[in-house]
Amino acid sequence: MTDLEVGLIFAQLVDYNDLDSESNANKVLYRVIESETLILPGGLQVRSIADELICPSCCCGL
């Protein structure tokens, strides 16, 4: 992913989970890290270095 794509997903993660984004990037990052649960609409596909996939679905726990 490009830096822009990562930034867009991070921004959606913060916005969709109603996390406070009114400070510097480090504080926002720590709010994300310290969150007990996070959700994103639509799902994400995760691929490991060994090409193992977790595909988005209703039961994958993302």
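Following the numbering used here, the numbering of the sequence shown begins with -7 at its first residue and continues without gaps. Think of the CB as a built atom: it goes at the ideal place given N, C-alpha and C, for glycine as much as any other residue.
Task: For Val24 and Leu5, the rounded distance between their alpha carbons - done: Their Cα atoms are separated by approximately 8 Å.
- [ ] To the nearest angstrom, report how far apart Tyr8 and Ser15 are at their CA atoms.
- [x] 17 Å
Task: DSSP beta-bridge partners of Ile46 - done: Val38
TODO: Please classify Leu0: does DSSP put it in a helix, a strand, or coil?
DONE: Collapsing the DSSP output to three states places Leu0 in a helix.
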